[in-house]
Amino acid sequence: MNKKYRKIAVLLAVALAVTSGLMGVTVAAGETSDDGAGSLELDGSEGDRSSSEIYYTVRAGDTLYQICQDYAVSLAHLMRANNLTSTVIYPNQKLLIPTNNITPYGAVLSRGDVSREDIMLLARLIHAEARGESFEGKVAVGAVIINRLASPDFPKSIREVILEKNSRVYQFTPVQDGSINLEPDEDSIKAALEALMGRDPTDGALFFYNPKVAEDQWIRTLPVLTRIGNHVFATKV
């Protein structure tokens, strides 16, 4: 797993749960390594999360320590849930993640349609668009992206929504000017997670703009839902 994502997962896990007694052994030698993150599968009815089981598929380079940090479970719980007698794990091995201890980071990933790359791309957009805004304002920017996913007028993936281009102009200024490549701060990452988990301070907004700098006159004609900090949040006519 990319070290940047591992660090993010650890920060989020530590903020939400205390894990102790963690130790790890790298994947058995001789296996090829890549930067891909392990995948998650959800086994169970969406309507009854209490009966759902979440499985993590090990990738080369993973350790039990890293997986425990990502999902805020203790080593003892993870080993017991999988009947492990050793900390050695192997690529393509499936591990049951005890869901009673899962963090928001893990909960978002467990949906299966959201990747670490999606989370980081959303966090980078939030950071670029809402630097200097309150945490509520950051979540609101993220919520606009999530709301667009549910609208027939926009693409159906986080990446496509953020990178959408009309008439050779990107929908979001940070994509156009390159500031989306800035490293997001911790608040922006947390805001991305909250938006992904359904928090929406905008009450369904599909657009946002700063009236002090927005040059597009069309966006000013849209029905305003709320104002948070320097941003106006609006919906379609």
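Residues -28 to -1, 1 to 209, numbered by mature numbering (1 follows the signal peptide of the UniProt record, and there is no 0), are exactly what the sequence shown covers, in order.
C-beta: ideal position from N, C-alpha, C; glycine also.
Bear in mind the structure is a predicted one, so any value in this text is a computation, not a measurement.
> What three-state label does DSSP hand I200 in the structure shown?
Replying inline: The sequence position of residue 200 within the sequence shown is 228, counting from 1. Strand at I200.
> Assuming Y37 contacts L67 under a Cβ cut-off of 8 Å, what Cβ separation, rounded to an integer in Å, is found between them?
Replying inline: Indexing the sequence shown from 1 puts residue 37 at position 65. Indexing the sequence shown from 1 puts residue 67 at position 95. Contact flag wrong, Cβ pair sits at about 13 Å.
>> Threshold first: 3 residues or longer. Then list the beta strand (DSSP E) segments lying entirely within the stretch 113 to 193, N to C.
In response: 179 to 181
> Apart from the five residues just before and just after G176, which ones in its own chain have a Cβ nearer than 8 Å to its Cβ?
Replying inline: Along the sequence shown, read from residue 1 onward, the residue named residue 176 stands at position 204. Contacts found: N119, L197 and T207.
>> In this structure, how does DSSP classify L56 when only helix, strand and coil are distinguished?
In response: Residue numbering aside, residue 56 sits at position 84 when the sequence shown is read from its first letter. Coil, per DSSP.
>> Residues in the same chain with beta-carbon distance under 7 Å from G(-5), minus the five sequence neighbours each way, listed in chain order, please.
In response: Within the sequence shown, numbered from 1, the residue matching residue -5 stands at position 24. Unreliable positioning characterises G(-5) in this predicted model, as indicated by a pLDDT of 34, which lies under 50. The coordinate reading is nonetheless provided below. Here the set comprises T35, L36, Y37, Q38 and T59.
> Grouping DSSP H, G and I as helix and E and B as strand, with all else coil, what is I39?
Replying inline: Locating residue 39 in the sequence shown gives position 67, counting from the first residue. It is helical.
>> Would Y30 and N64 be called neighbours here (beta carbons separated by less than 8 Å)?
In response: Against the sequence shown, residue 30 aligns to sequence position 58. Against the sequence shown, residue 64 aligns to sequence position 92. In the sequence on display, residue 30 carries Val and not Tyr. In contact: V30 and N64 (Cβ atoms closer than 8 Å).
>> Using the Cβ count rule (16 or more neighbours within 10 Å means buried), how would you classify residue 210?
In response: No answer is possible for residue 210: the residues shown for the chain start at -28 and end at 209.
>> Considering only their Cβ atoms, is the gap separating V133 from P124 smaller than 8 Å?
In response: The residue you call residue 124 lines up with position 152 of the sequence shown. The residue you call residue 133 lines up with position 161 of the sequence shown. Cβ atoms of P124 and V133: not closer than 8 Å.
> What do you get for E105, buried or exposed, if any count of 16 or more other CB atoms within 10 angstroms of its CB means buried?
Replying inline: Here residue 105 refers to the residue found at position 133 when the sequence shown is read from its first residue. E105 comes out buried.
> Under a three-way DSSP split, which group does F205 fall into?
Replying inline: As a working note, residue 205 is residue 233 in the sequence shown. Of the three classes helix, strand and coil, the one that applies to F205 here is strand, per DSSP.
> Once you ignore the five residues that flank L93 on each side, which residues in its own chain have a CB closer than 7 Å to its CB?
Replying inline: Locating residue 93 in the sequence shown gives position 121, where the first residue counts as 1. So the qualifying residues of the chain are I130, R131 and I134.
> Is the Cβ-Cβ distance between A100 and L154 less than 8 Å?
Replying inline: The count along the sequence shown starts at 1 and reaches residue 100 at position 128. The count along the sequence shown starts at 1 and reaches residue 154 at position 182. In this structure, L154 lies closer than 8 Å to A100 by Cβ.
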